[in-house]
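> Would you mind keeping the following structure in view while I ask a few things?
There are 4 protein chains.
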Amino acid sequence: MSIMKVGVIGCGYWGPNLIRNFAETETARLAWVCDVDGNRLETVSRRFPVANTTSDYRQVIADRSLDAIVIATPVATHYEFTKQALEAGKHVLVEKPFTTCSRQAEELTRLAERRGLILMVDHTFVYTGAVRKIKEIVESGELGDLLYFDSVRINLGLFQSDINVVWDLAPHDLSIMDYIVGRRPVALTATGSCHIEEGIENIAYVQLRFADSMLAHFHFNWLSPVKIRRTLIAGSRKMIVYDDIEPTEKVRVYDKGVTASRERDSTDKEAKYQTLVSYRTGDVWVPKLDSTEALRHVATEFLDAIREKRQPLTDGASGLRVVRLLEAAQKSIDRGGQLIEL
Amino acid sequence: MSIMKVGVIGCGYWGPNLIRNFAETETARLAWVCDVDGNRLETVSRRFPVANTTSDYRQVIADRSLDAIVIATPVATHYEFTKQALEAGKHVLVEKPFTTCSRQAEELTRLAERRGLILMVDHTFVYTGAVRKIKEIVESGELGDLLYFDSVRINLGLFQSDINVVWDLAPHDLSIMDYIVGRRPVALTATGSCHIEEGIENIAYVQLRFADSMLAHFHFNWLSPVKIRRTLIAGSRKMIVYDDIEPTEKVRVYDKGVTASRERDSTDKEAKYQTLVSYRTGDVWVPKLDSTEALRHVATEFLDAIREKRQPLTDGASGLRVVRLLEAAQKSIDRGGQLIEL
Amino acid sequence: MSIMKVGVIGCGYWGPNLIRNFAETETARLAWVCDVDGNRLETVSRRFPVANTTSDYRQVIADRSLDAIVIATPVATHYEFTKQALEAGKHVLVEKPFTTCSRQAEELTRLAERRGLILMVDHTFVYTGAVRKIKEIVESGELGDLLYFDSVRINLGLFQSDINVVWDLAPHDLSIMDYIVGRRPVALTATGSCHIEEGIENIAYVQLRFADSMLAHFHFNWLSPVKIRRTLIAGSRKMIVYDDIEPTEKVRVYDKGVTASRERDSTDKEAKYQTLVSYRTGDVWVPKLDSTEALRHVATEFLDAIREKRQPLTDGASGLRVVRLLEAAQKSIDRGGQLIEL
Amino acid sequence: MSIMKVGVIGCGYWGPNLIRNFAETETARLAWVCDVDGNRLETVSRRFPVANTTSDYRQVIADRSLDAIVIATPVATHYEFTKQALEAGKHVLVEKPFTTCSRQAEELTRLAERRGLILMVDHTFVYTGAVRKIKEIVESGELGDLLYFDSVRINLGLFQSDINVVWDLAPHDLSIMDYIVGRRPVALTATGSCHIEEGIENIAYVQLRFADSMLAHFHFNWLSPVKIRRTLIAGSRKMIVYDDIEPTEKVRVYDKGVTASRERDSTDKEAKYQTLVSYRTGDVWVPKLDSTEALRHVATEFLDAIREKRQPLTDGASGLRVVRLLEAAQKSIDRGGQLIEL
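Protein chains in written order, with this note's numbering: chain A, 9 to 350; chain B, 9 to 350; chain C, 9 to 350; chain D, 9 to 350.
Put into structure tokens, the structure is as follows:
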């Protein structure tokens, strides 16, 4: 199997995890590591001695022997770096959120397509054992029709100075929802509030509507005393609780539901129909999950997609869908919760 | 101390609890119990032999020796029964939600005022040890400025055929919020969805905005696989988690927060200021709570307010405020989440 | 179906629950309620108007029309009351612990047998949905061979003035163990300590040994800051955690285990064998449990056994087995933890 | 401040953590890393390039410039390696359990004393923020008199081929108990069972008795479906629950207790005294804990003790006390739970 030569630009918070996973993947060779911060670069290079290091990303892009570039820099730079990398003929894996606006995401997606290159967005959560198991269960039809998706991701969080809580946390839940629900929302509303720094929302609620009665709702919060990462996915037959704080029992499938049937009311002379609602409560099932580090699957999916010349699971189009939702959420917040058609 | 003669109309789900508490309160004498359902009436009368029973509420209201009437009937009847009771010169304690529309609530409140009668709404949660302790902490200023109030009240709930999940569950959280926050929201948005029966929302999200950056958000749900009753109350200095599922440790006070300070950036030649955000994490305190049944406090407050000729804690005005919010929430849901000015 | 006439002696802590369940069972008629305390008697008689009341238990026993007697008095009286009831030809259901010593329990068991009467001990926990489900799972062989049974039952408990923590709490866990394990232990050790009142142990550890490597261990404690009621039942193939504090998900079945296999060590010239231990972790299953009140099943089992002339599930012999263990535990504690052969 | 030159022997499971902490401590210089396994050695040396590496521990001991040696090898080698290191004039930090028998531990302790060298045992848990906070609370007298210490450390654990569950897990809890209780037990009983491999206990219960009514009890288990690490420390005034699984709120202090007072029974003509037991339940306090890695404190304590020529907190004597308890536990298990006087 051919070995892909990979360069990583950005050694901040997430970069070292990407570097480690590509370094440990047998079908890749980590050829370059790049960061403008010399200390970071040195720390990383000490741990992964095989890589060339540079503080100039152009040097990485210019290396003609390189197959692929991984971009883990602040979001404001994603567009420019990805564009240059694609134009230099490199496959690209870029951190989430993909870009700062959908126009850029569209342009990059088209560019990759035109050049026949793989463009993948690192929506890491999609590759966790928990989310993949949920997808499998939903796909199997076991839940019945999806009724709602309710996600809470709150903690006393790291304040970002460049992005608000929506751009920071929502890519996780929106990409999970996009993957699991598999349908496109038709409208969005969002509200938020800035309690610490003006212009940077630290709490936000986002709601998506679908063509039918399906709802998706999200609570993002950097200012919560407790850490909660819980998603409810209710189907007409069964329901899932996905609690990412749980060390191993993250996914619980409840054989619970409500059924409504319309019956003729025998006590009613006018022969009206009344609705009878019956409850069903059965076993709970906690499936065993693949505990492989999600980022290992990210690296493998990227390398496989390159090799097999196919779209990766979280391709540019999926990144674009998430950016469109982020953009719409920001617009709705700015307009005081106005409904945004998608 | 004078003994109040009390009649209770309605022996359904909640009525027997009211009956028991008035029967066991020494300053009250339970004189009448009324229900249209003969079986219920018999069950109750067997347990509380002192009461006269009747299936005609007019008989209760007509008893000139009676001081006060407790109304625990379906919400659609609250207005009529309360009005007649007030007009007959009785003090009234009425179940939540107070009425089906704010116009009725206003009329009843004015009527009680004009007649010099006590009109109280049974917002039971306001009288729990947990909520009173939270109120005490918030009043003391320990939390600093309130930033947000986030409440989740979900379970696989009893479907009501006459009211939706908002009218069923929201009176609890809205009355708690009204009591603890002590300020009036200026606008509201709400959305919901009907998954079981058309026209009866079984899931709803309600959001309140205040004049400043304070937010209140509520998730109500009859179709959740898990039972959650959790409220986050974040202040600028401390934060509270109120978990009503916990058997005893319902209130936790977190000495946690974030402080932003603006400092001159010494590395910046243009002498710009940057925001430094610092985190604070200290002890957690779980205060002991009064474990008296809340309804006992409700009965006492009603009787004391009559005797002391003063407004009770949850008077008609407080019931009216909650009904206005319920009404606005319904309007917003019906209009697809439109912002309703309050 | 014939209706059994039942009398209940003892209206203290547990008596009213027995009274309520027999009163609500259609195949029984509650004919007598007896207690030396007039207040208790009045309270009970007001709730259950059909019963005759008396403060003299002999009056109950003397009623020739009575089929069965339920004894819910302090343990010191069990022997005498049960004996007189059996001698008067009544079937008897007696509270746990059965008697204060095994000699009495043996005598009563023989007496009942001789007279052809049903003698049943109210080991309520054996009739819970949780314990019956566990029994079903163990019986099915799903767990493999039982390896150990570890039970913790601790809280800030009600101090008893007549019995210690072993006689108070151990009957629960010992009867559960007796029912689920279905084998007899061969030896016992126990230790305890008296921190509050001399001579009354408030903490105790009891351990049972079986003929093979199976162990059972119990921790009983009236002086714990937290309430824990958890039992681990490990089998060679699967394991169960039974957490009685959980509102609904009390039983969890873990598809977990360890397997040892002996393999020839290829790196070892002397061809020694080494043990390879492999771990297995699979799904967790939380079975739905029957939520009928256990005491209802107790009443039904007692009445059915009388009618069908068969031994009830927790017959005198089972009560005797538990008393023997309690007695041995007390002896071991008194002798500083000495091993007692059973 | 002088920089200590340190060599580490053993790069297995725990060694790399020690290496990392000494490497990152400014007052130490990591001079040697040693392991018989070449792969491990290479992995470690790549991460910590400053160290000399060797597969022969004698080379480390022979380095005359070295001040101190850290021994993280299998327990069977501790005695020999520590002895040689001390004889070569090195200060020694040795992994727990200190030695395989108390005779060796005594000899090493005496040797270190004679040579004026620091001998410290790595009882890491003693250095955690949780245990140090508990010690502080107990020392302050806030708990009152200690009544019992109950510890459960169970999970589906790594089977060791050379030692049983007692030698593997008990050093943690025994060293914590030794540190917090600060008194010496007078007797011990222990029982265990071998379910996987003959001769290697995978479950064990150990109990310590003190001169008064104080008890300490321990449950160690490699074959539990759930991971529990919980210690109850009950005092006559307050009680602590230390739950090491909790990510941050590991220590909870309960203002709970029971008080017994003897009062003259006024209703009793013979003027007997009766015991009145009263319960007290107050707030719960969850103190903030130092979250520094415990091993960093271990490294610092070792280096400080060398520099200040004083005994470290967990000196050879403390290691010896733990080994004596392990030895006694093994003896008691081997003799079927016999009481061992200490």
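Note that the Cβ used here is the ideal one computed from N, Cα and C, for glycine as well. Because the structure is a prediction, the values reported are computed rather than measured.
So is Ala268(D) in contact with chain C if we call contact Cβ pairs under 7 Å?
Mapped onto the fourth sequence, residue 268(D) falls at position 260. Chain C, which has a Cβ nearer than 7 Å to the Cβ of Ala268(D), makes this yes.
> Taking a cut of 8 Å between CB atoms, which residues from the stretch 193 to 216 of chain A lie near chain C?
Answer in chain order: no residues at all.
> According to DSSP, is Ala93(A) helix, strand or coil?
Taking the first sequence and counting its residues from 1, the one referred to as residue 93(A) is at position 85. Helix at Ala93(A).
> For Ile241(D), which residues does DSSP report across the bridge?
Position 233 of the fourth sequence holds residue 241(D). Bridge partners of Ile241(D): Phe157(D) and Ile248(D).
> Taking any Cβ of chain A, which residues in the stretch 289 to 300 of chain C have a Cβ under 8 Å from it, in chain order?
Thr289, Gly290, Asp291, Val292, Trp293, Val294, Pro295 and Lys296
> Measure the alpha-carbon distance for Lys141(A) versus Arg238(A) and round it to whole angstroms.
Reading the first sequence from its first residue, position 133 is the one you call residue 141(A). Reading the first sequence from its first residue, position 230 is the one you call residue 238(A). Their backbone Cα atoms lie some 16 Å apart in a straight line.
> Output the distance between the C-alpha atoms of Gln346(C) and Lys339(D), rounded to the nearest integer angstrom.
Taking the first residue of the third sequence as 1, we reach residue 346(C) at position 338. Taking the first residue of the fourth sequence as 1, we reach residue 339(D) at position 331. Each residue's alpha carbon lies about 16 Å from the other.
> Taking C-beta pairs closer than 7 Å, name the residues in chain A that Val174(B) reaches, listed in chain order.
Mapped onto the second sequence, residue 174(B) falls at position 166. Within chain A, no residue comes near Val174(B); the closest Cβ sits about 14 Å away, beyond 7 Å.
> For the beta strand (DSSP E) that contains Glu34(D), what are its first and last residues?
As a first step, residue 34(D) must be located in the fourth sequence, where it is residue number 26. It is not in any beta strand (DSSP E) - Glu34(D) carries neither H nor E in the DSSP assignment.
> Does Val194(B) pass the burial test, meaning 16 or more other C-beta atoms within 10 Å, or should it be called exposed?
Against the second sequence, residue 194(B) aligns to sequence position 186. Burial call: exposed.
> Which first and last residues belong to the alpha helix (DSSP H) in which Gln112(A) is found?
Walking along the first sequence from the start, residue 112(A) turns up at place 104. Run containing Gln112(A): Ser110 to Arg123, per the alpha helix (DSSP H) assignment.
> Run through chain D and tell me which residues come within less than 7 Å of Arg55(A), C-beta to C-beta.
Position 47 of the first sequence, counting from 1, holds the residue named residue 55(A). Per Cβ cutoff of 7 Å: Arg55.
> Round the Cβ separation of His203(D) and Leu164(D) to the nearest angstrom and send it over; I've been treating them as touching at under 8 Å.
For this step, residue 203(D) is matched to residue 195 along the fourth sequence. For this step, residue 164(D) is matched to residue 156 along the fourth sequence. Not confirmed; about 12 Å, so no contact.
> With DSSP as the reference, please indicate the residues paired to Tyr213(C) in a beta bridge.
Position 205 of the third sequence, counted from the start, is the residue given in the question as residue 213(C). Tyr213(C) is bridged to Thr199(C) and His227(C).
> Is Tyr250(D) close to chain C, meaning its C-beta is less than 7 Å from at least one C-beta of that chain?
For this step, residue 250(D) is matched to residue 242 along the fourth sequence. For Tyr250(D), the answer is no, since every Cβ of chain C falls outside 7 Å of its Cβ.
> Please return the same chain residues whose Cβ sits closer than 6 Å to the Cβ of Asp276(C), not counting the five positions on each side in sequence.
As a position in the third sequence, residue 276(C) is number 268, starting the count at 1. Legend: pLDDT at Asp276(C) = 48, less than 50; position of this residue unreliable, value from coordinates given subsequently. Nothing meets the Cβ criterion.
> With H, G and I counted as helix, E and B as strand and the rest as coil, what does DSSP make of Gly344(A)?
One-based indexing of the first sequence puts residue 344(A) at position 336. The answer is coil: DSSP assigns Gly344(A) none of H, G, I, E or B.
> Sort out for me which residues DSSP pairs Cys42(A) with in a bridge.
Translated into the one-based positions of the first sequence, residue 42(A) becomes position 34. Its beta-bridge partners are Ile17(A) and Thr62(A).
> Checking 7 Å against the spacing of the C-beta atoms, do Phe228(B) and Leu177(B) come in under that value?
By 1-based counting over the second sequence, the position of residue 228(B) is 220. By 1-based counting over the second sequence, the position of residue 177(B) is 169. In contact: Phe228(B) and Leu177(B) (Cβ atoms closer than 7 Å).
> Is Glu205(C) closer than 7 Å to Val173(C) when the C-beta atoms are compared?
Along the third sequence, read from residue 1 onward, the residue named residue 173(C) stands at position 165. Along the third sequence, read from residue 1 onward, the residue named residue 205(C) stands at position 197. Contact: no.
> Taking all protein chains shown into account, decide if Lys258(D) is buried (16 or more other Cβ within 10 angstroms of its Cβ) or exposed.
Translated into positions along the fourth sequence, residue 258(D) becomes position 250. Looking at its Cβ environment, which holds 16 or more other Cβ atoms inside 10 Å, Lys258(D) is buried.
> To the nearest angstrom, how far is the alpha carbon of Ala212(B) from that of Leu321(A)?
Locating residue 212(B) in the second sequence gives position 204, counting from the first residue. Locating residue 321(A) in the first sequence gives position 313, counting from the first residue. The straight-line gap from Cα to Cα measures roughly 33 Å.
> How about Val234(A): is its C-beta nearer than 7 Å to some C-beta of chain E?
As a matter of chain content, chain E is missing from the structure shown, whose protein chains are A, B, C and D.
> I'd like the span of the beta strand (DSSP E) that includes Leu101(C), first residue to last.
Translated into the one-based positions of the third sequence, residue 101(C) becomes position 93. From DSSP, the beta strand (DSSP E) with Leu101(C) extends over His99 to Glu103.
> Counting only beta-carbon atoms, is Tyr156(C) nearer than 7 Å to chain D?
Locating residue 156(C) in the third sequence gives position 148, where the first residue counts as 1. Output row for Tyr156(C): interface = yes.
> Anything in the stretch 137 to 163 of chain D with a Cβ closer than 9 Å to a Cβ of chain B? List those residues in chain order, please.
Answer set for the stretch 137 to 163 of chain D: empty.
> Would you please state the rounded distance, in angstroms, between the beta carbons of Val100(D) and Asp130(D)? I believe it to be under 8 Å.
On the fourth sequence, position 92 is the one that residue 100(D) refers to. On the fourth sequence, position 122 is the one that residue 130(D) refers to. Incorrect: roughly 10 Å between the Cβ atoms, too far for contact.
> Can you tell which of Cys19(A), Ser73(A), Val68(A) and Leu119(A) has its C-alpha closest to the C-alpha of Tyr87(A)?
Within the first sequence, residue 87(A) is the residue found at index 79, counting from 1. It is Leu119(A) whose Cα lies nearest to the Cα of Tyr87(A).
> How about Phe218(D): is its C-beta nearer than 7 Å to some C-beta of chain C?
Stepping through the fourth sequence from its first residue, residue 218(D) is reached at position 210. Answer no: the Cβ-Cβ gap between Phe218(D) and chain C never drops below 7 Å.
> Using alpha carbons as the reference points, say which of Thr117(C), Ser183(C) and Ile27(C) lies closest to Glu95(C).
By one-based count along the third sequence, residue 95(C) stands at place 87. Nearest of Thr117(C), Ser183(C) and Ile27(C) to Glu95(C), Cα basis: Thr117(C).
> Could you check where the beta strand (DSSP E) with Ala76(A) kicks off and where it finishes?
Here residue 76(A) is taken as the residue at index 68 of the first sequence, counted from 1. Counting along the chain, the beta strand (DSSP E) containing Ala76(A) begins and ends at Ala76 to Ile79.
> Can you find a C-beta in chain C that's less than 7 Å from the C-beta of His99(D)?
Here residue 99(D) refers to the residue found at position 91 when the fourth sequence is read from its first residue. Closer than 7 Å: no.
> For the ligand FAD, I want to know if Glu95(B) counts as a neighbour, meaning its beta carbon is within less than 6 Å of at least one of the ligand's heavy atoms.
The ligand FAD is absent from the structure shown, which contains no ligand whatsoever.
> Using 7 Å as the threshold, is the C-beta distance between Ala307(B) and Asn29(B) below it?
For the purposes of this step, residue 307(B) is taken as the residue at position 299 of the second sequence. For the purposes of this step, residue 29(B) is taken as the residue at position 21 of the second sequence. Going by C-beta atoms, Ala307(B) is nearer than 7 Å to Asn29(B).
> Closest to Asp170(C) by C-alpha separation, out of Ala39(C), Leu49(C), Ala31(C) and Pro105(C), would be which residue?
As a first step, residue 170(C) must be located in the third sequence, where it is residue number 162. Closest option to Asp170(C), Cα to Cα, is Pro105(C).
> Spell out a yes or no on whether the stretch 238 to 253 of chain A and the stretch 28 to 42 of chain B are touching, meaning 3 or more CB-CB pairs, one atom from each, closer than 8 Å.
No, the stretch 238 to 253 of chain A is not in contact with the stretch 28 to 42 of chain B.
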